[in-house]
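Novice: Residue numbers (full-length UniProt numbering): 1 to 309. One structure, as structure tokens, below. Some questions next.
Encoded structure:
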């Protein structure tokens, strides 16, 4: 079938929303070990009282427990607008995973679960969330909203992204970041999940597109998604292997250990260049290793949210 040539189905997450909730709850419970000690689960419904604000909504019961002043938050409050962008090219579906779970993720699965976890926190904070998904086409777009119906729409789009394996879908980051930038009119916090594999487009053009995302005083955080075991350390056994470019179909037959050292140096140099380039354009660069947990992703969100306010 022509349809089968276009994509293959995987089973996907059994319950993405529940998994995201588990990630967030685990993160919050471990916060006493982090710089955010005291930022407990209460953060979802309260904000710290600032001197000079009305005392009308102070939670006096919470004050009795904590000896700190918090004000209650209400549904109509929207403190933040956040737009999350996901690269959905074929390279993001590496390595192949039939049934993704917290312990077994490829790059797209990691990005989707990280996004769902961020959405879980943003929803509790009554914030507006938008989502863009792209590859060599603009696969999905939804503007920033905060309703439950909108939240379910985004979860459905994320689930489809994981369950549909793209075949030979190249990355057109340069084109679609410009289009996304034109759609986000009000100041927002923007998260981009991508493995930074871009064929045929100079880094300058790619960073011009990232710079365009900042044009309306948006804050841009680039999560560089990669598999440290395979894509950074090149850890393969010493048997002849065929390495195939999942976006172009081109391949090379080699023994991994004969090129491992030079490969590692080249990749480390590239990562350092990305960090320096992001610093030059005032874009926050964050490594997102899919073999690690989501603590770095969620901690980055909390730090950037405090700075953004």
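Glycine included, every Cβ here is placed at the ideal spot set by N, Cα and C.
(1) Which residues bound the alpha helix (DSSP H) around residue 12?
(2) Identify whether residue 77 lies in helix, strand or coil by the three-state DSSP scheme.
(3) Report yes or no: do three or more beta-carbon pairs, one from the segment 140-159 and one from the segment 47-56, lie closer than 8 Å?
(4) What residues are listed by DSSP as bridge partners for residue 271?
(5) Can you tell me whether residue 12 is buried or exposed? The criterion is at least 16 other CB atoms within 10 Å of its CB, across all chains shown.
(6) As an exercise, report each continuous alpha helix (DSSP H) stretch of at least 4 residues that is fully enclosed by the segment 75-134, in chain order.
(7) Nearest by alpha-carbon distance to residue 102: which of 306, 294, 187 and 65 is it?
(8) DSSP on residue 154, reduced to helix/strand/coil?
(9) Can you round the beta-carbon distance between residue 157 and residue 190 to whole angstroms, since I take them to be within the 8 Å contact cut?
(10) So for residue 213, helix, strand or coil by DSSP?
(11) Once you ignore the five residues that flank residue 188 on each side, which residues in its own chain have a CB closer than 7 Å to its CB?
(12) Leaving out the 5 sequence neighbours to the left and right, which residues in its chain are closer than 6 Å to residue 62 when beta-carbon positions are compared?
(13) Go ahead and pull the three-state DSSP assignment for residue 144.
(14) Going by CA-CA distance only, name the one from 105, 182, 231 and 265 that's closest to residue 196.
(15) Out of curiosity, what's the CA-to-CA distance linking residue 26 and residue 19?
(16) Nearest CA to the CA of residue 130: which residue from 282, 153, 238 and 23?
(17) Over the uninterrupted beta strand (DSSP E) stretch that includes residue 178, give me the two end residues.
(18) Cα separation between residue 224 and residue 14?
(19) List the endpoints of the continuous alpha helix (DSSP H) containing residue 308.
(20) Start and end of the alpha helix (DSSP H) containing residue 284?
(21) Please confirm whether residue 221 and residue 173 have their CB atoms less than 8 Å apart.
(22) Taking 7 Å as the limit between beta carbons, can you name the residues of its chain near residue 287, skipping five residues before and five after?
(23) Go through its chain and collect everything with a Cβ distance to residue 127's Cβ below 8 Å, but skip five positions before and after it.
(24) Relative to the C-alpha of residue 105, which candidate in 290, 297, 298 and 306 has its C-alpha closest?
(25) If we define contact as Cβ-Cβ less than 8 Å, is residue 138 a contact residue for chain E?
(26) Would you say residue 193 and residue 67 are within 8 Å of each other, going by their C-beta atoms?
Specialist: Answer, in terms of the structure:
(1) In the chain shown, the residue the question calls residue 12 occupies position 12. First-last for residue 12: undefined, no H or E at that position.
(2) The sequence position of residue 77 within the chain shown is 77, counting from 1. Interpretation of residue 77 is limited by its pLDDT of 48, a score under 50 that renders its predicted location unreliable; the figure taken from the coordinates is listed afterwards. Coil at residue 77, not helix or strand.
(3) no
(4) Along the chain shown, read from residue 1 onward, the residue named residue 271 stands at position 271. Note: residue 271 sits in no beta bridge, so no partner.
(5) As a first step, residue 12 must be located in the chain shown, where it is residue number 12. Result: buried.
(6) 107-124
(7) Translated into the one-based positions of the chain shown, residue 102 becomes position 102. Residue 102 has its Cα closest to that of 294, out of 306, 294, 187 and 65.
(8) Translated into the one-based positions of the chain shown, residue 154 becomes position 154. Note: residue 154 maps to helix in three-state DSSP.
(9) As a first step, residue 157 must be located in the chain shown, where it is residue number 157. As a first step, residue 190 must be located in the chain shown, where it is residue number 190. Actually they are not in contact, since the Cβ atoms of residue 157 and residue 190 sit about 17 Å apart, beyond 8 Å.
(10) Along the chain shown, one-based indexing puts residue 213 at 213. Helix, per DSSP.
(11) If you number the chain shown from 1, residue 188 lands on position 188. Excluding sequence neighbours, residue 188 sits near 81, 82, 83, 144 and 218.
(12) In the chain shown, residue 62 corresponds to position 62, counting from 1. Answer for residue 62: 70, listed in chain order.
(13) In the chain shown, residue 144 corresponds to position 144, counting from 1. It is a strand residue.
(14) Taking the first residue of the chain shown as position 1, residue 196 is located at position 196. If we check each option's Cα against that of residue 196, 231 comes out closest.
(15) For this step, residue 26 is matched to residue 26 along the chain shown. For this step, residue 19 is matched to residue 19 along the chain shown. Rounded to the nearest angstrom, the two C-alpha atoms are 11 Å apart.
(16) Counting from 1 along the chain shown, the entry for residue 130 is found at position 130. Closest option to residue 130, Cα to Cα, is 153.
(17) Within the chain shown, numbered from 1, the residue matching residue 178 stands at position 178. Taken as a continuous stretch (DSSP letters only), residue 178 belongs to no beta strand (DSSP E), being part of the alpha helix (DSSP H) at 173-183.
(18) Here residue 224 is taken as the residue at index 224 of the chain shown, counted from 1. Here residue 14 is taken as the residue at index 14 of the chain shown, counted from 1. So the alpha carbons of these two residues sit roughly 26 Å apart.
(19) Locating residue 308 in the chain shown gives position 308, where the first residue counts as 1. Unbroken alpha helix (DSSP H) run through residue 308: 295-308.
(20) Residue numbering aside, residue 284 sits at position 284 when the chain shown is read from its first letter. Unbroken run through residue 284 is the beta strand (DSSP E), 284-289; no alpha helix (DSSP H).
(21) On the chain shown, residue 221 is found 221 positions in, with the first residue counted as 1. On the chain shown, residue 173 is found 173 positions in, with the first residue counted as 1. It is not a contact, given that the beta carbons lie outside the stated cut-off.
(22) Stepping through the chain shown from its first residue, residue 287 is reached at position 287. Excluding residues within five positions, the ones whose Cβ falls inside 7 Å are 224.
(23) On the chain shown, position 127 is the one that residue 127 refers to. These residues qualify, in order along the chain: 78, 79, 80, 81, 82 and 146.
(24) In the chain shown, residue 105 corresponds to position 105, counting from 1. Comparing Cα positions, the closest option is 290.
(25) No chain E is part of this structure, which consists of one protein chain only.
(26) Position 193 of the chain shown holds residue 193. Position 67 of the chain shown holds residue 67. Not closer than 8 Å, so no.
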